[in-house]
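So for the sequence shown, the numbering used here puts the first residue at -13; every next one is plus one. Beta carbons are placed, not taken as given, at the ideal position from N, Cα and C, and that holds for glycine. Quantities reported herein were computed from a predicted structural model and do not represent experimental measurements.
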Amino acid sequence: MKNILSILFGLFAIVAFTACSEEDNWAPGEETVPNDTKVYFDKDSSGEIILSTDDARTTTIWLGRTGDFTNELTVPIQVVSADEAINIPSSVTFAAGEEWTELEISFPNIQMAKKATFELALEEKYANHYQDIGGSSTFKGSILVAAWNKIEEKAWFKFQAEYDTIYSTVYQLEGQRRFRVENFLNCGHDLVFSVGENTLDTYGDYEIKIAENNLSYTYTYGDGSIVYDIVTYGEDGSCNWLSWCPQEGKRTISSCYAYFYYASNNTYFSYIYPLTRKGVKHLYGILYFYLTYEDGESAYNYCEFDFPASLPE
């Protein structure tokens, strides 16, 4: 019996040794140390950079860092790919005590009306793959410089109620589905928007996309509904409600939401529809607002608009 038990124990030992020795090619990923410094491209930096011919041939991408901000930190920038017209620094430096820094990209010799692309990355040791830190270790972008061409001197914008028809000059960015309304609804600021490339429904409507940091803050509700807050931006990036009186003698608007997509019934309240009138191509659209007035009263109010223009393919 003793010999039998010895044999059994010997077999168990061999099996256990064999199981522990087998290679399964698995190894845990490198653990992110909580206090370790990680660097990222800010997710709020726009990847689509569209500039007019009057703008400076530079753009800025923000980078942030986590962990200890005490010391100065220089981080290499890896250029995965880039058009030859784009100049990208080889590194950025965080000043001591600073959480943020800027990467300035220049393109003095970029070809007009032709999109140039680039892709950047950070060294793996600066990446954090396990936590949402407000950005990513990679960044893809495109740059387009083109001229604004005036397409209509007196485009009409007609409110459903409260205000009379307002007229504005409209420009189109050369060869693009991007437009600029001068002194939008007499608010004192221009509104820049683009038109989506795919139709929204069987009617042939297209989506309106207000340019980020141009009289708008985009908010997507948890259910998928899309709303633009009409706001202005300060030089420090802060935003404030836009308050204005569209017409003398009328009520002042103290805050304005522009409803674009309502997820509960899959409806676009704001949209653009291309049509042809007397042989001329036009864009007819609706902006659907929820307005709060200076006296505290609130109401829905939509604004129709129309101007001659065509959408490039």
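Looking only at its chain, what residues have a beta carbon closer than 6 Å to the beta carbon of residue i, apart from the 5 residues adjacent to it on each side?
i           : result
residue 246 : 212 and 256
residue 60  : 77 and 79
residue 64  : 107
residue -2  : Unreliable positioning characterises residue -2 in this predicted model, as indicated by a pLDDT of 43, which lies under 50. The coordinate reading is nonetheless provided below. Nothing listed; no residue qualifies.
residue 200 : 178
residue 289 : 143, 145 and 273
residue 205 : 213
residue 37  : 131
residue 73  : 92
Bridge partners of residue i, per DSSP?
i           : result
residue 127 : 104
residue 214 : 204 and 244
residue 231 : Its beta-bridge partners do not exist; DSSP assigns none.
residue 294 : 268
residue 285 : 277
residue 225 : 219
residue 165 : 158 and 179
residue 51  : 25
residue 153 : 142
residue 91  : 45
residue 122 : 27
residue 116 : None, per the DSSP bridge assignment.
residue 254 : 247
residue 60  : 79
residue 185 : 192
Which first and last residues belong to the beta strand (DSSP E) in which residue i is found?
i           : result
residue 258 : 257 to 263
residue 135 : 134 to 145
residue 77  : 77 to 80
residue 67  : 64 to 68
residue 194 : 192 to 196
residue 38  : 34 to 38
residue 27  : 24 to 28
residue 238 : Looking at the DSSP string, residue 238 is not in any beta strand (DSSP E), and its letter there is neither H nor E.
Do residue i and residue j have their CB atoms nearer than 7 Å?
i           : j           : result
residue 90  : residue 124 : no
residue 33  : residue 126 : yes
residue 267 : residue 224 : no
residue 182 : residue 298 : no
residue 194 : residue 170 : no
residue 279 : residue 270 : no
residue 138 : residue 294 : yes
residue 275 : residue 244 : yes
residue 55  : residue 88  : no
residue 29  : residue 121 : yes
residue 230 : residue 173 : yes
residue 52  : residue 119 : yes
residue 104 : residue 68  : yes
residue 176 : residue 166 : yes
residue 82  : residue 57  : yes
Could you name the residues of the same chain whose beta carbon sits closer than 7 Å to that of residue i, not counting the 5 residues immediately before and after it, in chain order?
i           : result
residue 277 : 239, 242, 284, 285 and 287
residue 96  : 43, 71, 102, 129 and 131
residue 150 : 233
residue 261 : 268 and 270
Counting only the same chain and skipping the five closest in sequence on each side, list residues whose C-beta sits under 8 Å from that of residue i.
i           : result
residue 253 : 247
residue 361 : This structure cannot speak to residue 361, because the chain is shown only from -13 to 299.
residue 220 : 226
residue 209 : 249 and 250
residue -9  : Reliability of the predicted coordinates at residue -9 is poor, the pLDDT of 41 falling under 50, and no value is obtained from them.
residue 136 : 155, 156 and 157
residue 207 : 213 and 249
residue 217 : 201, 202, 203, 225, 226, 227 and 228
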